[in-house]
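A.B. asks: The letter at position 183 of the sequence shown is residue 193 when you use the working numbering, and the numbering goes up by one with no holes.
Yeah, the Cβ is synthetic: ideal placement off N, Cα and C, and Gly gets one too.
Given the structure is predicted, the values throughout are model-derived calculations rather than measurements.
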Amino acid sequence: MGWAHQDKTAIVGIGATDYYLRGKSWPRTINDMAGEAILKACADAGISIKDVDGFAYYSTAGAGYLDKFDTASLMETLGIPHVGFSATLTSGGGGASGAAGLATAGLMNEDCKYCVTVMALQQLPQHRLGVVVGAAAPNPENSFLQPSGLVGPGYLMSVLARRHMHLYGTRREAFKEIVQATREHALNRPKAIRNKPLEDEEYWSQPMLADPLCRLDFCLETDGAVAFITTTTERAKDCKHPPALIHGAAHGGTRNWGRAFAWMGMQDPDFASSGHKFVADRLWEQTGLTAKDMSCAQIYDHFSCMVLMQLEDYGFCEKGEGNDYVLSGAIRYANRDTVEGAVPVNTHGGNLNEAYIIGLTHVAEAVEQIRGTAINQIEDCEFALSTGGPASLPVSGLILRRA
Numbered sequence: 011m012g013w014a015h016q017d018k019t020a021i022v023g024i025g026a027t028d029y030y031l032r033g034k035s036w037p038r039t040i041n042d043m044a045g046e047a048i049l050k051a052c053a054d055a056g057i058s059i060k061d062v063d064g065f066a067y068y069s070t071a072g073a074g075y076l077d078k079f080d081t082a083s084l085m086e087t088l089g090i091p092h093v094g095f096s097a098t099l100t101s102g103g104g105g106a107s108g109a110a111g112l113a114t115a116g117l118m119n120e121d122c123k124y125c126v127t128v129m130a131l132q133q134l135p136q137h138r139l140g141v142v143v144g145a146a147a148p149n150p151e152n153s154f155l156q157p158s159g160l161v162g163p164g165y166l167m168s169v170l171a172r173r174h175m176h177l178y179g180t181r182r183e184a185f186k187e188i189v190q191a192t193r194e195h196a197l198n199r200p201k202a203i204r205n206k207p208l209e210d211e212e213y214w215s216q217p218m219l220a221d222p223l224c225r226l227d228f229c230l231e232t233d234g235a236v237a238f239i240t241t242t243t244e245r246a247k248d249c250k251h252p253p254a255l256i257h258g259a260a261h262g263g264t265r266n267w268g269r270a271f272a273w274m275g276m277q278d279p280d281f282a283s284s285g286h287k288f289v290a291d292r293l294w295e296q297t298g299l300t301a302k303d304m305s306c307a308q309i310y311d312h313f314s315c316m317v318l319m320q321l322e323d324y325g326f327c328e329k330g331e332g333n334d335y336v337l338s339g340a341i342r343y344a345n346r347d348t349v350e351g352a353v354p355v356n357t358h359g360g361n362l363n364e365a366y367i368i369g370l371t372h373v374a375e376a377v378e379q380i381r382g383t384a385i386n387q388i389e390d391c392e393f394a395l396s397t398g399g400p401a402s403l404p405v406s407g408l409i410l411r412r413a
């Protein structure tokens with residue numbers, strides 16, 4: 011059954027600040043960076059900030075988990091006269107792509123006309139996302155995780171990666187290929203933090219942070235902000251750029267995935283997965299499409315191993331075949347016309363190489379690809395997938411279509 015709101019809304023504006031290494035954005039503030047990204051998104055759409063009357067957040071309106079966005083404060087800062095819609099998806103980075111679906115809900119209900127989604131991240135020296143579990147107050151879950159050395163997302167993900175290796179014979183070479191392929195995509199991007207070639211020797215020499223994941227298997231820790239603007243397809247006709255139609259949007263998940271890597275109560279095959287299978291199936295049911303129809307895939311890559319597991323959950327390859335699919339070169343932009351079944355992944359470099367702004371760089375790149383203005387442009391890009399998570403529920407997926 012098709013999605014009732016298919017192609018009725020579109021992303022019409024994207025904006026971003028510069029990207030900074032963790033802690034280097036000071037003395038800027040969260041609101042300063044969020045405001046810049048929003049104003050740039052408005053300029054990109056060709057609308058006034060005074061036209062904005064909706065906010066669709068995710069991560070429970072968390073600004074990088076370390077602060078909170080406040081609609082009233084952003085309105086005062088930016089001069090927005092009124093809003094008719096302000097809502098958020100719960101959980102964390104899993105909602106990055108699903109926020110476009112939340113914006114669609116507000117637009118289809120006629121609560122707003124132009125809806126902003128924004129994420130900003132600023133990690134001051136005393137704030138480190140990499141060890142958030144270890145720094146948290148003890149609770150029934152943390153009392154198990156903290157003494158086990160599972161003090162942050164990467165350490166928790168490493169357990170899922172090791173299980174995948176045990177069940178399916180996955181090798182670290184596949185993780186290396188994900189890091190190297192997406193690094194290759196970042197080489198010509200001036201804003202990318204990691205934009206130097208990555209040879210095998212450099213990858214293998216990296217310190218092991220959480221076996222089997224080395225330092226380069228972990229995403230960047232960066233500061234900055236990204237925003238996008240969603241409106242109806244009818245209004246999009248008056249905007250500056252061709253619209254990126256929202257062809258499918260889904261968020262959620264199953265109880266077995268639940269709190270994800272912060273729980274460790276999943277049974278196989280959920281344990282060695284990205285938790286996206288439920289959302290992926292909903293997207294394909296909504297749209298009548300499959301992974302083979304995607305021109306590119308912007309896959310949330312906070313850790314390299316979870317890209318491989320998402321490729322399986324979305325059906326780019328069968329469960330347990332991610333190792334061979336990745337090692338075939340199928341995710342490289344350069345191989346898009348030469349490797350069977352190839353779909354370029356994270357053509358902007360992703361969280362691993364460009365910047366980690368909790369997923370919104372992926373949505374921005376999907377929009378650029380649909381517009382035909384991306385740096386590593388896919389010829390005749392018709393459908394672009396963007397994902398949010400793996401994380402505690404909800405996780406999400408978004409399919410954008412060329413008008």
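Closer than 7 Å by C-beta to histidine 92: which residues in its own chain qualify, once you throw out the five before and the five after it? Chain order, please.
C.D. replies: Counting only Cβ-Cβ distances below 7 Å, and skipping sequence neighbours, we find Asp63.
A.B. asks: Rounded to a whole number of angstroms, what is the C-alpha to C-alpha distance between alanine 260 and glutamate 211?
C.D. replies: Near 40 Å, if we compare the C-alpha coordinates of glutamate 211 and alanine 260.
A.B. asks: Is DSSP giving methionine 304 helix, strand or coil here?
C.D. replies: Three-state result, methionine 304: coil.
A.B. asks: Let me know the secondary structure DSSP gives histidine 372 once reduced to three states.
C.D. replies: The answer is helix: DSSP assigns histidine 372 an H, G or I state.
A.B. asks: Go to phenylalanine 393, then tell me how far its alpha helix (DSSP H) extends in each direction, as first and last residue.
C.D. replies: Note, phenylalanine 393: premise wrong, no alpha helix (DSSP H); beta strand (DSSP E) at 393-398.
A.B. asks: What residues match up with histidine 261 in a beta bridge as DSSP calls it?
C.D. replies: Per DSSP, Ser406.
A.B. asks: In this structure, how does DSSP classify methionine 43 when only helix, strand and coil are distinguished?
C.D. replies: Helix.
A.B. asks: Near lysine 78, what residues of its chain come up, given a Cβ to Cβ distance below 7 Å and the 5 sequence neighbours on each side ignored?
C.D. replies: The answer, listed in chain order, is Ala71 and Gly72.
A.B. asks: Just tell me which of Glu364, Tyr366, Arg292 and Val353 has its CA closest to the CA of glycine 12.
C.D. replies: Of the listed residues, the one whose Cα sits closest to glycine 12 is Arg292.
A.B. asks: Express the C-alpha separation of glutamate 86 and valine 189 in angstroms, rounding to a whole number.
C.D. replies: Their Cα atoms are separated by approximately 41 Å.
A.B. asks: Flag this pair as touching only if the segment 42-53 and the segment 380-392 have three or more C-beta atom pairs under 8 Å; answer yes or no.
C.D. replies: They do not touch, by the three-pair rule.
A.B. asks: How close, in whole Å, do the beta carbons of threonine 19 and histidine 195 come, if the pair is a contact with beta carbons under 8 Å?
C.D. replies: At roughly 28 Å, the Cβ-Cβ gap does not stay under 8 Å, so threonine 19 and histidine 195 are not in contact.
A.B. asks: Residue range of the beta strand (DSSP E) that aspartate 233 falls in?
C.D. replies: Residues 232-242.
A.B. asks: Any heavy atom of the ligand HEM within a distance shorter than 7 Å of the CB on tryptophan 36?
C.D. replies: The ligand HEM is absent from the structure shown, which contains no ligands of any kind.
A.B. asks: If you draw a straight line from the C-alpha of glutamine 277 to the C-alpha of cysteine 122, how long is it?
C.D. replies: Their Cα atoms are separated by approximately 42 Å.
A.B. asks: Using DSSP with H/G/I as helix, E/B as strand and the rest coil, what is arginine 269?
C.D. replies: Looking at arginine 269 - three-state DSSP - the assignment turns out to be coil, as it is neither helix nor strand.
A.B. asks: Near asparagine 266, what residues of its chain come up, given a Cβ to Cβ distance below 8 Å and the 5 sequence neighbours on each side ignored?
C.D. replies: If we look at asparagine 266 and ignore the five residues flanking it on each side, its Cβ neighbours are Met276, Gln277 and Asp280.
A.B. asks: Could you give the uninterrupted runs of the alpha helix (DSSP H) lying entirely in the segment 46-119, keeping only those of 4 residues or more?
C.D. replies: Counting whole runs of 4 or more residues, the segment 46-119 contains the alpha helix (DSSP H) stretches 81-88 and 109-118.
A.B. asks: With a Cβ-Cβ cutoff of 8 Å, do alanine 55 and glycine 23 count as a contact?
C.D. replies: Yes, the pair counts as a contact, with Cβ atoms nearer than the cut-off.
A.B. asks: Note the first and the last residue of the continuous beta strand (DSSP E) segment covering leucine 318.
C.D. replies: No beta strand (DSSP E) holds leucine 318; the alpha helix (DSSP H) holding it covers 314-323.
A.B. asks: From what residue to what residue does the alpha helix (DSSP H) around glycine 164 run?
C.D. replies: Taken as a continuous stretch (DSSP letters only), the alpha helix (DSSP H) holding glycine 164 covers 163-178.
A.B. asks: Considering just the uninterrupted stretch of the alpha helix (DSSP H) at alanine 196, what are its terminal residues?
C.D. replies: Alanine 196 -> alpha helix (DSSP H) spans 182-196.
A.B. asks: Tell me the rounded alpha-carbon separation between threonine 242 and methionine 175.
C.D. replies: Spanning the two alpha carbons is a distance of roughly 45 Å.
A.B. asks: With distance defined between alpha-carbon atoms, name the residue in Ala282, Tyr29 and Thr371 nearest to glycine 179.
C.D. replies: Checking every option, the nearest Cα to that of glycine 179 belongs to Ala282.
A.B. asks: Have a look at arginine 181 and cysteine 327 and give me their C-alpha separation to the nearest angstrom.
C.D. replies: Whole-angstrom Cα-Cα distance: 16 Å.
A.B. asks: Given alanine 26, which residues of its chain have a CB within under 6 Å of its CB, disregarding the five upstream and five downstream residues?
C.D. replies: The answer, listed in chain order, is Ala47 and Val236.
A.B. asks: By DSSP's criteria, cysteine 125 is part of a beta bridge. Which residues make up the other side?
C.D. replies: Bridge partners of cysteine 125: Gly64 and Thr240.
A.B. asks: If you draw a straight line from the alpha carbon of serine 107 to that of glutamate 209, how long is it in whole angstroms?
C.D. replies: Taking the straight line joining both Cα atoms gives about 32 Å.
A.B. asks: Return the Cβ separation of histidine 257 and phenylalanine 393 in integer angstroms, given the expectation that the two are a contact with Cβ distance under 8 Å.
C.D. replies: Rounded, the Cβ-Cβ distance is 7 Å, consistent with contact.
A.B. asks: Quick check on the burial criterion: 16 or more other C-beta atoms within 10 angstroms. Buried or exposed for lysine 250?
C.D. replies: Flag for lysine 250 reads exposed.
A.B. asks: Can you give the Cα-Cα distance for threonine 81 and leucine 112, rounded to whole angstroms?
C.D. replies: Distance between the alpha carbons of threonine 81 and leucine 112 is about 16 Å.
A.B. asks: Round the Cβ separation of phenylalanine 185 and aspartate 227 to the nearest angstrom and send it over; I've been treating them as touching at under 8 Å.
C.D. replies: About 5 Å; that satisfies the 8 Å criterion.
A.B. asks: Measuring CB to CB, does cysteine 306 end up less than 8 Å from isoleucine 367?
C.D. replies: No. Outside cutoff.
A.B. asks: Can you name, in chain order, every residue of its own chain whose Cβ lies under 6 Å from the Cβ of glutamate 378, other than the five neighbours on each side?
C.D. replies: For glutamate 378, where only same-chain residues beyond five positions count, the Cβ hits under 6 Å are Ala384.
A.B. asks: If contacts are defined as beta-carbon pairs under 8 Å, then valine 74 and glycine 369 qualify, I think. What distance do you get, rounded to the angstrom?
C.D. replies: In the sequence as displayed, the identity of residue 74 is glycine instead of valine. That pair is no contact at about 11 Å.
A.B. asks: Which residues in the same chain as glycine 89 place their Cβ atom closer than 8 Å to its Cβ, once the five residues preceding and following it in sequence are excluded?
C.D. replies: Only Ile59 and Lys60 meet the Cβ criterion.
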